[in-house]
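Chemist:
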Amino acid sequence: MKTRNFGAFLLAAALVLPYSALAYDGSAVSDGGTISGVVKFAGAAPAAKKVDVNKDKEVCGKTAKSDASLIVSGGNLVNAVVSITDIKKGKKLEPIKVTLDQNGCEYKPHVTAFPAGSTVEILNPDGILHNVHSYSKVNTAFNIAQPKFKKSVTQKIDKPEIINLKCDVHGWMNAWLFVSETPYFSLTDNSGGFKLTDVPAGTYTVEVWHETLGKTSQKVTVKAKAEAKVNFEMGKK
Amino acid sequence: MAVRGIDEKEEKKSYGSVFLLGSGLLVVISLWAFWDDNITRRPWKAVQAAFYRLDYRKAREAYDAEDKKLKADPAYQELIKKLAAEQTSLSKGESAKKLKALEADEIKANVRFGEIDQQVKFVKSELEEAWYEYDHAAQQGRDIKPYEEHIRGLDRQKAKLDPELESARAKRDQIRDEIKNIHAGVKELGTQLAKLAADRDKWLRVVDNITVKLGPLSFYKIPNIRQLALPEFDRNRFDEPMARVDRCQTCHLAINRPGFEKEPQPFRTHPRREVLLADSAHPPEKFGCTTCHEGQGPSVNSRQQAHGEVHYWEFPLLRGPKAQSSCASCHLDVQRLQDAPLLAEGQRIFEQMGCTGCHLVKGYEDIPKVAPSLRRISAKVDPSWMVRWIENPHNFRPNTRMPNFSLKEDEATSIAAFLWSLSKEEGDKWLQEHPAPAGLKEGDAALAAKGKALVESIGCKGCHGFADGEASTVLGKEKEIIPNLKNIAAKAGARWTYHWLKNPRDFSPTTRMPSMRLTEPEALAITAYLTTLGAKAEAIGGIEEKFQDAKNIKRGEGLVRKYGCFGCHDIQGMEKESRIGVELTTFGSKTLEDLFFGNRTEIGRNWDDWTYNKLKTPRIYATERVEQVMPQFNLADEDIKALRTLLAGFQERKVPAQYRAEHGQRVAQVVEGRRLMHQYNCIGCHEIENRGGFIRKYYDQNPGLTPPILNGEGEKVQSHWLFGFLKDPIPLRPWIAVRMPTFNFSDQEANALVAYFNGLSKVEVPYAYFDDRKVPKEHLDASRILFGKDYFNCLSCHQQGEKKPEGPEEGWAPDLNLARNRLSPTWIIKWLQNPQKVQPGTKMPSFFPGGPDNILGGKDERQIEALRDYLMSLGKGAAAPAGGRVASR
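Chains as they are written, first to last, in numbering that gives the first Met the number 0: chain A, 0 to 236; chain B, 0 to 888.
(1) Work out the CA separation of D24/A and G6/A for me, nearest whole Å.
(2) Looking at the structure shown, is Y106/A part of a helix, part of a strand, or coil, going by DSSP?
(3) Where are the alpha helix (DSSP H) runs, 4 residues long or more, that stay fully inside the region 803–839 of chain B, in chain order?
(4) What would DSSP say about F40/A, mapped onto helix, strand or coil?
(5) Is there contact between the region 179–193 of chain B and the region 84–94 of chain B, where contact requires at least three CB pairs shorter than 8 Å?
(6) Can you tell me which of P775/B, I735/B, K829/B and D859/B puts its alpha carbon nearest to the alpha carbon of W811/B?
(7) Excluding the 5 residues preceding and the 5 following A140/A in the sequence, name in chain order all residues of the same chain whose CB lies nearer than 6 Å to its CB.
(8) Looking at the unbroken alpha helix (DSSP H) that takes in K550/B, where does it start and where does it end?
(9) With a 10 Å radius around its C-beta and 16 neighbouring C-beta atoms as the bar for buried, classify A444/B as buried or exposed.
(10) Going by beta-carbon coordinates alone, are I238/A and S117/A separated by less than 8 Å?
(11) Between which residues of its own chain and L594/B is the CB-CB distance below 6 Å, once the five residues before and five after are set aside?
(12) How many angstroms separate the CA atom of D6/B from the CA atom of L30/B?
(13) Using 10 angstroms around the beta-carbon of F756/B, count the other beta-carbons present and answer buried if the total reaches 16, otherwise exposed.
(14) Output the boundary residues of the beta strand (DSSP E) element that contains P124/A.
(15) With distances taken between CB atoms, is the gap from F769/B to M871/B smaller than 8 Å?
(16) What residue range does the alpha helix (DSSP H) around I487/B cover?
(17) Please state the DSSP three-state secondary structure of R234/B.
(18) At a CB-CB cut-off below 7 Å, which residues of chain B make contact with K54/A?
(19) Looking at the unbroken alpha helix (DSSP H) that takes in A115/A, where does it start and where does it end?
(20) What's the call for V198/A, buried or exposed, on a 16-neighbour Cβ count within 10 Å?
(21) Which of the three DSSP states, helix, strand or coil, is assigned to R243/B?
(22) Among K96/B, L98/B, Q156/B and V110/B, which has the Cα closest to the Cα of S124/B?
(23) Just the Cα atoms here: how many angstroms apart are V473/B and E425/B?
(24) Identify which residue in R234/B, G711/B, Q631/B and K545/B has its Cα closest to the Cα of P392/B.
(25) Determine the DSSP secondary structure at F259/B, reduced to helix, strand or coil.
(26) Quick check on the burial criterion: 16 or more other C-beta atoms within 10 angstroms. Buried or exposed for L779/B?
(27) Relative to chain A, which residues along the region 789–823 of chain B have a C-beta separation below 7 Å, given in chain order?
(28) Could you give the distance in angstroms between the alpha-carbon of G353/B and the alpha-carbon of T399/B?
(29) Using beta carbons (cut-off 8 Å, strictly below), is D66/A in contact with chain B?
(30) If the cut is a Cβ gap below 7 Å, which residues of chain A does G849/B touch?
(31) In three-state terms, what does DSSP make of T39/B?
(32) State the CB to CB distance for the pair F231/A and T211/A, rounded to an integer number of angstroms; the pair is presumed to be in contact (CB under 8 Å).
(33) Return the bridge partner residues of M233/A from the DSSP annotation.
(34) So which residues of chain B does I143/A contact, with C-beta pairs closer than 7 Å?
(35) So with CB distances below 7 Å, who are the chain B contacts of N130/A?
(36) Suppose the cutoff is 8 Å on Cβ atoms and the five residues either side in sequence are ignored; what does the same chain contact list for I694/B look like?
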């Protein structure tokens, strides 16, 4: 029971401490460095799996779909998110507006990264019922029906979290939202490359997250106005 | 000159020094007495003074902080400036002159009004007098005329004065209004300022509360005892009601005030103030502190005394989680108390470990025996396994509830021999009627694999574990209320297993194991799988002879009686035996004198330590001459502490009804139903009261395939439907492979469970009736459109009778034709409004707010109501599904 009291104390302490002392503090950064590199995939590239479209085929079956849970291009990992996890001060965090399209019963893009406080607009040009179900724990989970007449819904996401988005109507539909606490995140491109800019000089923990492969991290030191090159490698465990 | 009788020398002697000494002593003693009375013997005064200083300092700091904030606020500065400008303009210049003139006018007008008013008053008095004279004359039969004239004269005077008075009043009021108008600006600004500064000025009130003002000086208040009396709370030694006196808040002054969370005791805020002390729960002004925390309420002279931590006080302070023991004094339904987790856990362990098999406790008399019936045990288990099991069950299953009686092998053999001989006849008869299943070959790997697949899909794992560490519902830290079957082949053979699986109640009518409605091939496959778990027990040499030895059997009977095996097991011929342990109804009230420590010297001489060690090592207090028979349960330390919390609440004194929480029928039904729910382990598969659903851990990837969450079930379904479903379940969600078993509930049990769910949901009227003849056609038409593909497309996921949705079954949702007989119409409304709120994580998305604009005027509420009406009309006329039959009550 001691621990519970201690927990209550910690909670009280957390409430009393000014929130800004814990959260990310953003301002203009001059002389920032850059961290860039690629995320490699360890092992042989998996064969693309086809998605079985078993419902609403007249709309959803128009385009061929393949499983996006692990995409490797030229030995590099696509759709991984690289971020700095322990940065408390740096460039300004500006919420943005991102769009997620469900055209042809498939979320595009499959992974979206954006800062906390941003707004996501979800489009339904399909003319059939979709539902957008967030399997989130930190943010309040939502599950919004998007029938034919509702072409667009908008949802603001306030807290940092990696959220899995699913459409329960179409079991294969699956997307990820990487909601970042800081502005230092980068989604790997089609060649597995990433770039974090305007990083104040210092040593940071840089982490890669991938929906199937999990997380890996390493310490990276950045010098002012310099580019730190760093590569990651992830594989199936 | 000497005067007789007077001793000159004596007369001249000075006693000055004696008097001086005497008065000096008197002063010193008076000072000492004052000091002693006010300071030495009143330590709480210093405590209170210290608190006043602390409170003052904190209020001051808070005031200053708010003041600083306020001063930095431009709005505040603006107001201050405006106010100052307004005030100067009133004291100087044009408006000042005007104000002065007006004030002079007001005085004049006031005087004028006063004069006329007085005249009017005089005339009124004279009129009173005149009327008296008039009445008097009339009653005496004198001439009334002169009086009449006098009255008329006075009336005329008054009629003349009245308008004058009115105009004087109007004049005065007009001047007053003008003055008020001039001051209005200042007043308005003052109000605005006060509003803006409210957060700062509230601290002034805090300071006012603890200080007294004497002209320009300000002192702390004189400390005083803060006492609370709870009338008739206690009973004295003559069983007469008396008040409980509670003075704890003399020192614990901030117990119900936020902002003192980090101060040292005794000034700290209660750590759970908002939940436990807030207005609705246990306001300390009403309940005091000792009702939960014990201690010696009236004492204020020392901390030890006040906390009751002195030798002869029977109720020492209950600190931290120990206070949970007190909850049960007033709350019947302790399982719902979120702030008493230890107590709730203790109660679950107490009820489910079988404690009540040996110990009587009022309120816990009706708990059924926790262990299996032994009436046909000879048909079930391997004899050698049985001996070893009795000898020490923890060897075979470390987490079993069955305790270790520390028996020698020959004692265990005797007990087994007795139980075997007792059940032989019944057992043999059963075996004859249940031959070994045909088609079961030893080592049929394919069949076993099929069985394994079944075990993993139909829900066996909702209760049983099949490997090390696999368990669904765990009691306490690690006890398993349902056996882990990883070594089951050592215990029971294929023949028994097969028939047991097919119909457990056929073998043991009182078993909790339900029927999974297995077909014969299914039962055979599972049997094949179970026989691969573990190896047959190694036979003990000569076991058969030992079992037939009459001396052994006789000795076994004695041992069974001695250890009270019938407390937990149903044993033939021992149904009427009484509990062998001591009654524990008032165990928490036992004093040190009542507790037998044997020869133990290393154990603390207090109730807590005695009880802890008793539960940890039940025979610890045995001596050469005093035998103890309580067996070893191997409880984890946390579990012992939880049990102890419950036991400490088993008190002799009872809290009077006016202080207790509501103990209505609903609460009693919930408590009874929950016991039943635990007994049948419903929470193995279902989440109920936000607890359980343990089978879900096997479905991480696909939570849609798990049994439904039943939080709020009472509000959701119709009682008669639930009754029918419990008695005779039908698959509601065909895509879920886990089967709702058939428990063969008695009517009484099914009713108790229905009442439990209704009670949890606080459903007053279990079913709000719905007249489907009055549904407007407009609603049905609108709903048909809403149901359609262009709108909500309900049938994209929901089944409706024979209409099945597209796609794989695990994506489906329940048959909407069932709604009419199954769901509560009021629940449907709530559900459609926000499914996530009713059942967090549900696949059902929210269609509202945001219904289409072109249907029913675009009004969400009307669309929801229309859909409810439509759902209640679906399947009308069709026979109600089997599970929904109305059972007569």
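Quick reminder that beta carbons are idealized off the backbone N, C-alpha and C, glycines included. Note that this is a predicted model, so its numbers are computed, not measured.
Modeler: According to the structure data:
(1) Taking the first sequence and counting its residues from 1, one reaches residue 6/A at position 7. Taking the first sequence and counting its residues from 1, one reaches residue 24/A at position 25. Any reading at G6/A is ruled out, since the residue's pLDDT is 42, under 50, leaving its predicted position unreliable.
(2) Here residue 106/A corresponds to residue number 107 of the first sequence, with the count starting at 1. Coil, per DSSP.
(3) 818–821, 824–832 and 834–837
(4) Translated into the one-based positions of the first sequence, residue 40/A becomes position 41. Here F40/A sits in strand by DSSP.
(5) yes
(6) As a first step, residue 811/B is located in the second sequence; it is residue number 812 there, counting from the start. Here the closest residue by C-alpha is I735/B.
(7) Position 141 of the first sequence, counting from 1, holds the residue named residue 140/A. S133.
(8) The residue labelled residue 550/B in the question sits at position 551 within the second sequence. Looking at the DSSP string, the run of the alpha helix (DSSP H) that includes K550/B is A549 to Y562.
(9) Residue 444/B sits at position 445 when you count from the first residue of the second sequence. Note on A444/B: under 16 other CB atoms within 10 angstroms of its CB, so exposed under the neighbour-count rule.
(10) Here chain A has residues from 0 to 236 only, and residue 238/A is not among them.
(11) Sequence index remark: in the second sequence, residue 594/B carries index 595 (1-based). Here the set comprises W609.
(12) Start at 1 with the first residue of the second sequence, and residue 6/B comes out as number 7. Start at 1 with the first residue of the second sequence, and residue 30/B comes out as number 31. So the two alpha carbons sit approximately 38 Å from each other.
(13) For the purposes of this step, residue 756/B is taken as residue 757 along the second sequence, with counting starting at 1. Buried, because 16 or more other Cβ atoms sit within 10 Å of the Cβ of F756/B.
(14) Here the question's residue 124/A lines up with position 125 in the first sequence. Element bounds for P124/A: n/a, residue is neither H nor E.
(15) Translated into positions along the second sequence, residue 769/B becomes position 770. Translated into positions along the second sequence, residue 871/B becomes position 872. Their beta carbons are under 8 Å apart, which means F769/B touches M871/B by this criterion.
(16) Residue 487/B sits at position 488 when you count from the first residue of the second sequence. Taken as a continuous stretch (DSSP letters only), the alpha helix (DSSP H) holding I487/B covers I487 to K490.
(17) The residue given as residue 234/B occupies position 235 in the second sequence. Of the three classes helix, strand and coil, the one that applies to R234/B here is strand, per DSSP.
(18) Locating residue 54/A in the first sequence gives position 55, counting from the first residue. The CB of K54/A comes closer than 7 Å to the CB of E805 and G806 in chain B, given here in chain order.
(19) Indexing the first sequence from 1 puts residue 115/A at position 116. For A115/A, no alpha helix (DSSP H) encloses it, and the DSSP letter there is neither H nor E.
(20) As a first step, residue 198/A is located in the first sequence; it is residue number 199 there, counting from the start. Counting Cβ neighbours within 10 Å, V198/A comes out buried, since at least 16 surround it.
(21) The sequence position of residue 243/B within the second sequence is 244, counting from 1. Three-state result, R243/B: strand.
(22) Sequence index remark: in the second sequence, residue 124/B carries index 125 (1-based). Considering only alpha carbons, the answer is Q156/B.
(23) On the second sequence, position 474 is the one that residue 473/B refers to. On the second sequence, position 426 is the one that residue 425/B refers to. Near 33 Å, if we compare the C-alpha coordinates of E425/B and V473/B.
(24) For the purposes of this step, residue 392/B is taken as the residue at position 393 of the second sequence. For the options R234/B, G711/B, Q631/B and K545/B, the alpha carbon positioned closest to that of P392/B is the one of Q631/B.
(25) Position 260 of the second sequence, counting from 1, holds the residue named residue 259/B. Coil.
(26) As a first step, residue 779/B is located in the second sequence; it is residue number 780 there, counting from the start. Classification of L779/B: exposed, given that the 10 Å Cβ count is below 16.
(27) Listed in sequence order: D789, Y790, F791, N792, S795, C796, E805, G806, P807 and G810.
(28) Within the second sequence, numbered from 1, the residue matching residue 353/B stands at position 354. Within the second sequence, numbered from 1, the residue matching residue 399/B stands at position 400. Roughly 12 Å separates the two Cα atoms.
(29) Within the first sequence, numbered from 1, the residue matching residue 66/A stands at position 67. Taking 8 Å as the CB threshold, D66/A stays off the interface with chain B.
(30) Indexing the second sequence from 1 puts residue 849/B at position 850. Near G849/B (Cβ distances below 7 Å), the residues of chain A are K149.
(31) In the second sequence, residue 39/B corresponds to position 40, counting from 1. Helix, per DSSP.
(32) The sequence position of residue 231/A within the first sequence is 232, counting from 1. The sequence position of residue 211/A within the first sequence is 212, counting from 1. In fact, because the Cβ distance is near 15 Å, the residues do not count as touching under 8 Å.
(33) Position 234 of the first sequence holds residue 233/A. Beta-bridge pairing links M233/A to F40/A.
(34) Residue numbering aside, residue 143/A sits at position 144 when the first sequence is read from its first letter. Chain B residues near I143/A: P844 and S845.
(35) In the first sequence, residue 130/A corresponds to position 131, counting from 1. In chain order: P844.
(36) Here residue 694/B corresponds to residue number 695 of the second sequence, with the count starting at 1. So the list reads G458, K460, G461, S471, G683, C684, T705, P706 and V737, once near-sequence residues are dropped.
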